[in-house]
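Those protein sequences? They're chains A and B, same order as listed.
Using UniProt numbering, read the first sequence as starting at 1 and increasing by one per residue.
Using UniProt numbering, read the second sequence as starting at 1 and increasing by one per residue.
We treat Cβ as the ideally placed atom computed from N, Cα and C, and that holds for glycine.
In this text, all values refer to a predicted model and were calculated from it rather than measured experimentally.
Notes follow once the structure below has been shown.
Protein chains: 2
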Amino acid sequence: MQTVATIFPARFTGPTVAELGEKAVIREIVAQAPSEFNGDDAAVLFNAPPNSRTVVTTDMAVEGRHFRLEWSTPEEIGGKAIIQNFADVEAMGARPVAAVLAVAAPTNTPVSFLRALAHGIGERVVEFSADLVGGDIVAGEQLTVSVTAIGSLGGSLPPLTLDAARPGQQLVAAGRIGHSAAGLALLEHYGREVPEGLEVLRDAHTSPRIDPTRGMIARSTGATAATDNSDGLIVDLTTLAAASGVTIDLDRDAIAPDADMIRAGELTGTDPWEWVLAGGEDHTILATTAGPAPSGFRVIGRVAKGSGVTVGGERPAHSGGWVSF
Amino acid sequence: MQTVATIFPARFTGPTVAELGEKAVIREIVAQAPSEFNGDDAAVLFNAPPNSRTVVTTDMAVEGRHFRLEWSTPEEIGGKAIIQNFADVEAMGARPVAAVLAVAAPTNTPVSFLRALAHGIGERVVEFSADLVGGDIVAGEQLTVSVTAIGSLGGSLPPLTLDAARPGQQLVAAGRIGHSAAGLALLEHYGREVPEGLEVLRDAHTSPRIDPTRGMIARSTGATAATDNSDGLIVDLTTLAAASGVTIDLDRDAIAPDADMIRAGELTGTDPWEWVLAGGEDHTILATTAGPAPSGFRVIGRVAKGSGVTVGGERPAHSGGWVSF
């Protein structure tokens, strides 16, 4: 096995994980995201009320593939791993309650780097009143971060599933669409020092946020189907439309690139519609509902009989998305 | 980023993950361990009965560090990832109900290899009446397998925790101790073709098994504390003894190496007591109880006032264990 050299930013000084050892490293991580549930063979989470169901999802991120140390701080890497998973929980209409973290780290990883990563996780889980309840840290050639999120689905309403969109419903969205992809394009073009005023796009990529409880609110106010914009708007909605046996028509004006995206498009020589339609990684909650847009959501399209996804009744100009391999 | 070349065994022919693409690879994996819970943003697991608590734990395994492709089949790698996690759930006195799988795979990974890995997972989860309910597959330089297990802790009894051993209790064990480390020594010495009759030791390392429900049975018959033999018998029991504020004295005869281990020790020039005391990875459930040994358990020691772990009243000859970094 060859050694892949990972270059950690110079500001992460102090002992490496190999110098400090596993137990001390775990203590450092737990201190950044403390939880009374932590510290045994497994974490015992909660006494579930009647009708409560447990929800689980997992995501893995690999250095050089899903994040780069020259573009993202460890706080951002940790925070994004949480948001990716919690968005999947919210997209079921459930409440994220816990996360576990597995990290493969090169032996030369500074402990201060992992502490910062755990700090970023702690900041995000607290926003959701959730806990980091356990984990595993192992040696690996390539920095790899795997988070599994546990959610609680209360009440008697069904979860928000991909197969439950119905003709006549509106498609609603809570959050930005295309900002993450615009930010990635700026990072590729400029590195972390993007043109003034466009940091919001960079940060949308390196540090996405979602508004906690939007999934629960959508579910409690009549939404039936939901997903999040993770692989690309058209790709993700095509999956939902196919599972539900419907067509979705997006409102061109409602998803049009904003002024920041238009400027970023000019600077990088990209059609900003590509970011909107094929971008992904915004983790914006997309739901279908027969009622008005729930609090925090706006209408961006309509569900009808048929199949596939259109924009203003036409085939989308960009329909690609994230490709894992 | 340099490319780390992973050599897959020649029998795994057919398309690679890069050739087949993510969606088709996921279908192949799901077919090997099918579950009705799979296929949405997150998996909705179950309606928890009153008093039920959810338990969660995670483990990560990296090629070259935790397993080697020349020693372990993909079926064994997948199965071992399940057992490592389910043993942690059992060690809480809970029932494993679900697992999620995250895999980082080099782009040249044959799909047939991942299918075999998923098949090994499917074989193990079925033994526990559990399901593989979701996952993530991403590209990475180094094959990395991360499993998170979800368990259900029913009834009103507390979980089996590290801090609940009490003086006067017996220490009981369900399963072999030291076999996995003996098998690892044989693999290092001979490769996969170990001397005839000692395959049982090799398989204990590459394909550990635990007897489902032993944790629940221990908890329902009066055990209060438990852990599993994962990092090393002395290391794991020292953690339990320290958390509980007690000492544990092991019965030398009850844990003595068996004939297979003595033979493997002679062949490899190793004191088999090292495997017993420092070996780990057997995932044998170790519990403390004031009552008689529960069904499937045998008595291997006693809990008393004091601190630390002894063997027949003396300091153990070997007290090391697994070192992550």
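- Message: Below 8 Å on C-beta distance, what does H66(B) contact in chain A?
- Response: For the purposes of this step, residue 66(B) is identified with residue 66 of the second sequence, where counting begins at 1. Going along chain A in sequence order, the residues near H66(B) (Cβ under 8 Å) are V138.
- Query: Quick one: Cα of Q170(B) to Cα of A42(B), how far?
  - Reply: Reading the second sequence from its first residue, position 170 is the one you call residue 170(B). Reading the second sequence from its first residue, position 42 is the one you call residue 42(B). Their backbone Cα atoms lie some 42 Å apart in a straight line.
- Message: For a cutoff of 8 Å on Cβ pairs, would you count A174(B) as touching chain A?
- Response: Translated into positions along the second sequence, residue 174(B) becomes position 174. Chain A has no Cβ within less than 8 Å of the Cβ of A174(B).
- Query: Quick one: does V55(B) have its CB under 8 Å from some CB of chain A?
  - Reply: Numbered from its first residue, the second sequence carries residue 55(B) at position 55. Yes, its Cβ sits closer than 8 Å to a Cβ of chain A.
- Query: Taking only beta-carbon atoms, is L153(A) less than 8 Å away from chain B?
  - Reply: Within the first sequence, numbered from 1, the residue matching residue 153(A) stands at position 153. Yes - at least one Cβ of chain B is within 8 Å of the one on L153(A).
- By a C-beta neighbour count over all protein chains shown, 10 Å radius and 16 as the cutoff for buried, is Q2(A) buried or exposed? Residue numbering aside, residue 2(A) sits at position 2 when the first sequence is read from its first letter. Caution is warranted here: a pLDDT of 44 is assigned to Q2(A), below 50, making its placement in the model unreliable, and no coordinate value can be reported.
- Message: To the nearest angstrom, how far is the alpha carbon of G135(B) from that of D251(B)?
- Response: Locating residue 135(B) in the second sequence gives position 135, where the first residue counts as 1. Locating residue 251(B) in the second sequence gives position 251, where the first residue counts as 1. C-alpha separation (whole angstroms): 43 Å.
- Using the Cα positions of A181(A) and P9(A), report the straight-line distance between them to the nearest angstrom. Position 181 of the first sequence, counted from the start, is the residue given in the question as residue 181(A). Position 9 of the first sequence, counted from the start, is the residue given in the question as residue 9(A). So the alpha carbons of these two residues sit roughly 24 Å apart.
- Query: Shorter than 8 Å from the beta carbon of M1(A) to some beta carbon of chain B?
  - Reply: Within the first sequence, residue 1(A) is the residue found at index 1, counting from 1. Confidence at M1(A) is low in this model, with a pLDDT of 40, below 50, so its placement is unreliable and the value that follows should be read with caution. True, the Cβ-Cβ gap to chain B drops below 8 Å.
- V133(A): contacting residues in chain B (beta-carbon distance under 8 Å): Translated into positions along the first sequence, residue 133(A) becomes position 133. Simply V56.
- Query: Using the rule of at least 16 other Cβ atoms within 10 Å of the residue's Cβ for burial, across every protein chain shown, is E266(B) buried or exposed?
  - Reply: The sequence position of residue 266(B) within the second sequence is 266, counting from 1. Answer is exposed; the Cβ neighbour count stays below 16.
- Item | Cβ of Q142(B) within 8 Å of any chain A Cβ | Here the question's residue 142(B) lines up with position 142 in the second sequence. Cβ-Cβ to chain A under 8 Å: yes for Q142(B).
- Message: 8 Å is my cut-off, CB to CB: does F325(B) come that close to chain A?
- Response: Here residue 325(B) refers to the residue found at position 325 of the second sequence. With respect to chain A, the C-beta atom of F325(B) has a partner C-beta closer than 8 Å.
- Query: If the cut is a Cβ gap below 7 Å, which residues of chain B does V17(A) touch?
  - Reply: Reading the first sequence from its first residue, position 17 is the one you call residue 17(A). Result: F325.
- Item | C-alpha gap between A130(B) and G320(A), whole angstroms | For the purposes of this step, residue 130(B) is taken as residue 130 along the second sequence, with counting starting at 1. For the purposes of this step, residue 320(A) is taken as residue 320 along the first sequence, with counting starting at 1. Cα to Cα, A130(B) sits roughly 36 Å from G320(A).
- Message: Please classify I262(A) as buried or exposed, where buried requires at least 16 neighbouring CB atoms within 10 angstroms.
- Response: Reading the first sequence from its first residue, position 262 is the one you call residue 262(A). It counts as exposed.
- Would you tell me roughly how many angstroms separate the C-alpha atoms of A174(B) and A87(B), rounded to the nearest one? Translated into the one-based positions of the second sequence, residue 174(B) becomes position 174. Translated into the one-based positions of the second sequence, residue 87(B) becomes position 87. Taking the straight line joining both Cα atoms gives about 11 Å.
- Message: Just checking: is the beta-carbon of L45(A) within a distance shorter than 8 Å of some beta-carbon in chain B?
- Response: Within the first sequence, numbered from 1, the residue matching residue 45(A) stands at position 45. Closer than 8 Å: yes.
- Quick one: what does DSSP say R202(A) is sitting in, helix, strand or coil? Walking along the first sequence from the start, residue 202(A) turns up at place 202. Helix, per DSSP.
- Task: Starting from M92(A), trace the beta strand (DSSP E) both ways and give me its first and last residue.
- Result: Residue 92(A) sits at position 92 when you count from the first residue of the first sequence. Looking at the DSSP string, M92(A) is not in any beta strand (DSSP E), and its letter there is neither H nor E.
- Where does N108(B) fall in DSSP's three states? Taking the second sequence and counting its residues from 1, the one referred to as residue 108(B) is at position 108. Three-state result, N108(B): coil.
- Compare the Cα-Cα distances from residue 329(B) to each of G178(B), E19(B), A5(B) and report the closest residue. With chain B covering only 1 through 325, there is no way to say anything about residue 329(B).
- Query: So, is I234(A) buried or exposed, given that buried needs 16 or more other C-beta atoms within 10 angstroms?
  - Reply: For the purposes of this step, residue 234(A) is taken as the residue at position 234 of the first sequence. By the 10 Å Cβ count, I234(A) comes out buried.
- Nearest to residue 365(B) by CA position, among G301(B), R68(B), S307(B), N47(B), is which residue? Limits of chain B in this structure are 1 at one end and 325 at the other, which puts residue 365(B) out of reach.
- Task: Kindly indicate which residue of A290(A), A98(A), G269(A) has the alpha-carbon position closest to the one of R166(A).
- Result: The sequence position of residue 166(A) within the first sequence is 166, counting from 1. Nearest C-alpha to R166(A) among A290(A), A98(A), G269(A): A290(A).
- Message: Just checking: is the beta-carbon of residue 330(B) within a distance shorter than 8 Å of some beta-carbon in chain A?
- Response: The first residue shown for chain B is 1 and the last is 325, placing residue 330(B) beyond what the model contains.
- Please compile the residues from chain B whose C-beta is within a distance smaller than 9 Å of the C-beta of P74(A). Position 74 of the first sequence, counted from the start, is the residue given in the question as residue 74(A). Result: empty, since nearest Cβ-Cβ is about 18 Å, beyond 9 Å.
- Item | Supposed contact pair V147(B) and residue 398(B) - C-beta distance, whole angstroms, cut 8 Å | With chain B covering 1 to 325 only, the question about residue 398(B) has no answer from this structure.
- CB-CB under 7 Å to W273(B), same chain, minus the five flanking residues each way: which ones, in chain order? Here residue 273(B) corresponds to residue number 273 of the second sequence, with the count starting at 1. Excluding the 5 residues flanking it on each side, W273(B) has same chain C-beta neighbours closer than 7 Å at P257, A317, H318, in chain order.
- Query: Shortest alpha-carbon distance to I26(B) belongs to which of T161(B), V111(B), G78(B), P158(B)?
  - Reply: Position 26 of the second sequence holds residue 26(B). Of all alpha-carbon atoms in T161(B), V111(B), G78(B), P158(B), the one lying nearest the alpha-carbon of I26(B) is that of V111(B).
- Curious, which full-length beta strand (DSSP E) runs of at least 3 residues does the UniProt domain "PurM-like C-terminal" (166 to 273) of chain A contain? Fully enclosed beta strand (DSSP E) runs of 3 or longer: 170 to 174, 223 to 228, 246 to 250.
- Any 3 or more C-beta pairs closer than 8 Å across the segment 208 to 221 of chain B and the segment 86 to 103 of chain B: Using a Cβ-Cβ distance cut-off of 8 Å, the segment 208 to 221 of chain B and the segment 86 to 103 of chain B are in contact, since at least three pairs of beta carbons, one from each stretch, lie closer than that value.
- Message: Less than 8 Å between the C-beta atoms of A118(B) and A33(B), yes or no?
- Response: Within the second sequence, the letter at position 118 stands for residue 118(B). Within the second sequence, the letter at position 33 stands for residue 33(B). Taking 8 Å as the Cβ cut-off, A118(B) and A33(B) qualify as a contacting pair.
- Item | 7 Å Cβ cut-off: residues of chain B touching G21(A) | For the purposes of this step, residue 21(A) is taken as the residue at position 21 of the first sequence. Simply F325.
- Task: Assign A31(A) to one of two classes, buried (16 or more other C-beta atoms within 10 Å of its C-beta) or exposed (fewer than that).
- Result: Here the question's residue 31(A) lines up with position 31 in the first sequence. By the C-beta density criterion, A31(A) is exposed, having fewer than 16 other C-beta atoms within 10 angstroms.
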